[in-house]
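> Just so you know, the sequences run in chain order H, Y and G. With numbering that gives the first Met the number 0, letter number 157 in the first sequence gets 156, and the count goes up by one each step, no holes. With numbering that gives the first Met the number 0, letter number 29 in the second sequence gets 28, and the count goes up by one each step, no holes. With numbering that gives the first Met the number 0, letter number 153 in the third sequence gets 152, and the count goes up by one each step, no holes. Glycine included, C-beta positions come from ideal geometry on N, C-alpha and C.
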Amino acid sequence: MSAYISKVGKGYIIISTLISMIIILLILGVLFLSSYDAIHGGGWRLFTLTWNPPNNQFGILPMLYGSLVVTVISLVIAVPLGIFTAIFTSEILHPKYRIYVKSFLELLAGIPSIIYGLIGVAFFSVWVGELFHLQSGRTIFTAAVLLSIMILPTIITLCDDAIHHVPQKYREVAKGLGLYKHEVIITSVLPIAKTDIIGAVLLALGRALGETMAVMLVIGSIDKIPTPIYNLLAPGQTITSKLGREIAESAFSSIHFSAMVFMGMILLIIVLALTFIAQQFLKSGQRLYE
Amino acid sequence: MKIYYVSVLILLFAIITGCNASKKEAILCAGATTVLPVVSNAAEQFKLTHQDVNIMVNAGGSGVGINLLGEQNIQIGMISRNITQKEIEKYPDVHFVTHPIGKDAVVPVISSEIYDAGIMALTIEQIAKIYKGEIKNWKEVGGPDKEILAVDKEMSRGTRHVFMKIVLGNEEAAAPGADLVLGSNNEEQTAIAQSDAAIGMLSNAWINGDVKGLSIILANGEVVEPTLENIINGKFPITRNLLLITNGEPQGEIKEFIDFIKSPGGQKIVEQAGYVSLYQ
Amino acid sequence: MNRRVKNNLFLAVCWSAAILCTLILSFLLSVIILNGAKTINPDFLLSNSRNFGAEGGIFYQMIGSVLLISGAAFISLPIAIGTALCKSEYVKNPVLQKISNMMIYGLNGIPSVIFGIFGLIFFVNFLNTGISWFVGSIILAIMIIPTIVLSSYQSMSSIPRMYRESAYALGMDKWKVITKVILPQGIQGAITGLFLGLARAVGETAPVMFIATAFSGVKLPGSLFQPVTALPTHILTLAQQATNTQALQNAWGASLVLILVFFIFSLSALFIRITLQPVSQR
């Protein structure tokens with residue numbers, strides 16, 4: 000009897016492990032099969048500028064551009080701000096308060112993105128519109144600012160961990176040499192924490208690329224690369240906002256649908272690559288909850 | 000752990016008994032936001048007399064409604080335009096049957112600031128030029144010196160089909176002059192109200208104090224206001240039927256529900272929502 | 000520039016970055032709390048939504064969200080615990096460990112909208128389930144499996160070797176060791192992970208909006224294969240009509256409720272992590 004139960008138990012463990020291992024392959028496989036029509040029928044024509052389903056034009060470059068630009072700008076805003084704040088929480092702030100600040104930040108990091116979207120529509124897009132005298136505040140810039148705020152807590156708390164994990168002796172030695180605090184931080188703490196910080200930024204990058212709801216509500220959803228190309232105060236489109244708005248409109252198994260899934264697959268591959276690279280940097284690993 | 004297994008069993012039991020106990024029929028509807036208020040209000044009233052029926056209504060747009068019905072994920076599609084030939088060919092197994100439930104106009108709308116500055120009517124040609132990107136400033140049509148924010152809609156939306164067919168001549172025409180692309184009537188209404196120089200397209204029922212309906216100047220010079228009267232007598236050029244679609248002739252509760260919307264009681268809901276009923 | 004000035008400048012930059020972040024983040028919270036608090040009252044919580052959600056309350060949206068995440072919890076917990084057990088008790092090969100880690104981190108990194116598309120293709124269209132809350136639960140369960148696996152694996156692998164060796168010395172077989180020694184010690188990690196996962200799942204919009212939710216007329220689903228209505232998708236609908244003051248008010252109310260639910264789950268995870276510490280770590 001006991002042997003029988005043991006067998007059942009082992010079976011349960013193996014089956015559940017297989018399930019959780021296979022899911023990711025299943026997702027990749029399903030996306031690949033569904034985007035096969037677009038790859039096969041479209042080929043390089045997918046990488047053009049015009050998206051117009053009725054004319055069978057499925058150029059995804061505007062969406063790629065949007066995703067790239069929105070993510071890069073949000074990182075340009077959030078990374079310096081986040082790293083300086085992390086230096087503050089780990090090096091300057093009294094250690095007694097660090098735990099409270101950190102719990103607060105970790106709570107903020109998990110606020111549902113739809114709520115950021117609501118705040119974006121109700122405040123940010125209106126402010127951006129008034130500030131720059133635009134007709135509409137739904138722009139690439141608005142989306143980038145909103146995203147930078149969304150990833151800020153993640154960056155702060157991961158960088159704070161990275162800096163905090165630098166052993167105390169390095170600081171003491173540097174201090175013993177008569178260095179000022181900023182020199183201690185710049186010359187001995189940050190170089191040691193560097194790989195973890197890079198890992199943190201890569202994770203934030205992945206999160207920003209995959210963010211859907213908040214971006215979708217404030218970006219304006221025009222499938223065009225703005226003119227001139229650096230005009231950030233123009234509406235645009237990211238892969239995620241395109242998917243969120245249009246996937247239900249395209250008929251299942253049409254080329255249109257297939258091209259949408261193809262975009263999703265590109266996004267997935269980029270994000271997965273980022274995740275794996277980030278894991279190589281974050282050797283201390285195991286920080287999954289952000 | 001024991002507690003966990005017991006509670007799983009209880010939940011499973013509850014779900015299974017729940018499924019068997021409530022023999023509630025569920026009717027799923029999805030599609031145009033234009034038709035949605037009518038159907039969802041009608042569903043509320045219908046449920047008062049048919050307590051064993053559950054009707055769920057989802058938004059998404061006419062294109063979504065047709066796709067979901069084509070894939071047989073819903074029982075009733077709500078559309079605010081005609082089904083295109085392409086869509087019929089896409090689903091050879093599905094026999095689309097349409098049921099008109101009312102009439103509506105698609106009205107070119109502008110921000111109240113522009114309306115108050117004197118622009119109350121435009122010709123179809125002027126509107127077309129705005130959406131083609133040839134007219135970019137309100138002063139070119141006699142308004143204040145402000146750039147035009149042309150608000151477009153997602154390609155498969157019924158409102159856009161009907162509007163673009165009249166304005167640009169093709170229901171799926173691209174609008175290179177558009178500055179924003181949005182989805183539902185609510186979302187478009189919000190963007191136009193937030194802006195002070197926007198033009199867009201909305202169902203007649205969504206016009207309010209912040210979002211003003213434009214009159215249309217016909218070729219003979221006559222100015223037609225978007226009033227119910229002009230929609231009823233057919234003078235207003237951009238009108239459409241509000242339709243429900245089913246796969247084959249509806250049966251049972253679905254038929255009863257559609258008949259209810261077509262009945263005088265149901266048509267009152269159509270009128271309350273700001274549309275023209277079948278009897279007018 | 001001398002070193003003292005540089006030092007002060009550096010500290011000033013850090014201080015101002017921290018103050019800026021605090022201002023931004025407290026602005027976010029206060030907007031939601033202040034606006035939401037005006038809306039929330041028993042009537043709002045207990046009545047049905049009407050008129051595109053602009054009137055009435057969010058009762059069925061809350062029920063729907065609860066259904067979605069409890070479904071997700073019941074599906075994900077056993078699978079994740081099994082996986083964690085396998086990782087900690089069976090897999091000794093470092094290459095396999097590495098591969099399984101890659102799979103789990105990869106799954107955790109997948110953008111939420113991709114889960115939605117996967118659910119749409121695989122369940123709604125391929126398996127032909129239709130728009131159904133149960134499919135939504137499955138997708139949410141898949142999303143939170145990595146969190147639970149890693150959290151349980153952490154607490155299982157921190158069980159001292161001595162415990163296992165003593166158990167084997169008593170003549171227990173592997174399964175006995177797992178049920179009598181590993182699970183009681185590791186369950187705390189699993190529950191912590193579960194709550195963290197649920198805190199994330201309850202606010203997810205993109206995965207459920209194509210596959211599990213309907214807009215109106217939804218009360219309690221009569222079977223597994225019917226849609227529900229949920230808080231995040233409700234907020235989405237309301238956010239799209241943000242100039243309608245009534246709708247916006249209700250959106251803030253729904254957001255506050257959603258955030259409170261999220262906080263409750265996160266804080267319980269924290270609480271469990273602290274209080275339910277296994278004997279071996281006390």
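For chain H, find out if any of its Cβ atoms is closer than 8 angstroms to the Cβ of M155(G); answer yes or no.
no
> Under 8 angstroms, Cβ to Cβ, is there at least one residue of chain H near D178(Y)?
yes
> According to the neighbour-count rule (16 or more other Cβ atoms, all chains shown, within 10 Å of its Cβ), is H39(H) buried or exposed?
exposed
> When the cut-off is 8 angstroms and only beta carbons count, does H181(H) lie next to chain G?
yes
> Q125(Y): buried (16+ other C-beta within 10 angstroms of its C-beta) or exposed?
Classification for Q125(Y): buried.
> Please name the residue or residues paired with H98(Y) in a DSSP beta bridge.
DSSP lists L243(Y) as partners of H98(Y).
> Apart from the five residues just before and just after M208(G), which ones in its own chain have a Cβ nearer than 6 angstroms to its Cβ?
T232
> Buried or exposed for S276(Y), going by 16 or more other Cβ atoms inside 10 Å?
buried
> For chain Y, check one thing: does any of its Cβ atoms lie closer than 8 angstroms to the Cβ of G8(H)?
no
> Can you tell me the Cβ-Cβ gap for F194(G) and L106(H), rounded? I've got them flagged as a contact below 8 angstroms.
About 13 angstroms separates the two Cβ atoms, so there is no contact after all.
> Could you pull out every unbroken alpha helix (DSSP H) segment of at least 4 residues lying fully inside the segment 23-100 of chain G, listed in chain order?
41-45, 58-84
> Leaving out the 5 sequence neighbours to the left and right, which residues in its chain are closer than 6 angstroms to Q281(Y) when beta-carbon positions are compared?
Since the first residue of chain Y shown is 0 and the last is 279, residue 281(Y) is not available in this structure.
> How long is the line joining the alpha carbons of T21(G) and D159(H), rounded to whole angstroms?
15 angstroms
> L63(H): buried (16+ other C-beta within 10 angstroms of its C-beta) or exposed?
buried
> To which residues of the same chain is G69(Y) closer than 6 angstroms at the C-beta, ignoring the five residues directly before and after it?
Y90, V93
> For Q56(H), write down the residues that DSSP places opposite it in a beta bridge.
N51(H)
> Can you tell me which of the three DSSP states P107(Y) falls into?
strand
> Do L104(H) and T156(H) have their CB atoms nearer than 8 angstroms?
For L104(H) and T156(H), yes; Cβs fall inside 8 angstroms.
> Between Q134(H) and chain G, is any beta-carbon pair separated by less than 8 angstroms?
Not one chain G Cβ lies under 8 angstroms of Q134(H).
> Should the segment 43-57 of chain H be regarded as contacting the segment 118-125 of chain H, the criterion being three or more beta carbon pairs within less than 8 angstroms?
Counting Cβ pairs under 8 angstroms, fewer than three are found: no touch.
> How would you label L45(H), buried or exposed, when you count the other beta carbons within 10 angstroms and need 16 or more for buried?
Classification of L45(H): buried, given that the 10 Å Cβ count is 16 or more.
> Near A36(G), which residues of its chain fall below 8 angstroms by C-beta distance, leaving aside the five closest residues on each side in sequence?
L255
> Leaving out five residues on either side along the sequence, give the residues of the same chain with a beta carbon under 6 angstroms from the beta carbon of L151(H).
If we look at L151(H) and ignore the five residues flanking it on each side, its Cβ neighbours are A77, G81.
> Grab the span of the alpha helix (DSSP H) containing G142(Y) for me, first residue to last.
No alpha helix (DSSP H) contains G142(Y), which DSSP labels as neither H nor E.
> So that I know if they touch, is there some Cβ in chain H lying closer than 8 angstroms to that of V256(G)?
So no, V256(G) is outside the interface.
> Note down the Cα distance separating S73(H) from I148(H), rounded to an integer number of angstroms.
8 angstroms
> Does the distance from the C-beta atom of I57(G) to that of A198(G) stay below 8 angstroms?
Pairing I57(G) with A198(G) gives a Cβ-Cβ distance that is not under 8 angstroms.
> Under the rule that 16 or more other beta-carbon atoms within 10 Å means buried, what is I120(G), buried or exposed?
Buried, since its Cβ has 16 or more Cβ neighbours within 10 Å.
> Looking at chain H, which residues of the segment 167-197 of chain G have a Cβ within less than 8 angstroms of any of its Cβ atoms?
D172, K173, W174, K175, I177, T178, L195
> Can you list, in chain order, the residues of its chain with a C-beta nearer than 6 angstroms to that of T194(H)? Leave out the 5 residues immediately preceding and following it.
F280
> If the cut is a Cβ gap below 8 angstroms, which residues of chain H does V63(Y) touch?
A247, E248
> Report all residues from its chain with a CB closer than 7 angstroms to the CB of I276(H); omit the five preceding and five following residues, and keep chain order.
L201
> May I ask which residues mark the beginning and end of the alpha helix (DSSP H) holding N40(Y)?
35-48
> In its own chain, which residues sit with a C-beta less than 8 angstroms from the C-beta of D42(G), not counting the 5 before and 5 after it?
G56
> To the nearest angstrom, how far is it from the Cα of Y115(H) to the Cα of L145(H)?
7 angstroms
> Which residues does DSSP pair with T238(Y) in a beta bridge?
DSSP lists A104(Y) as partners of T238(Y).
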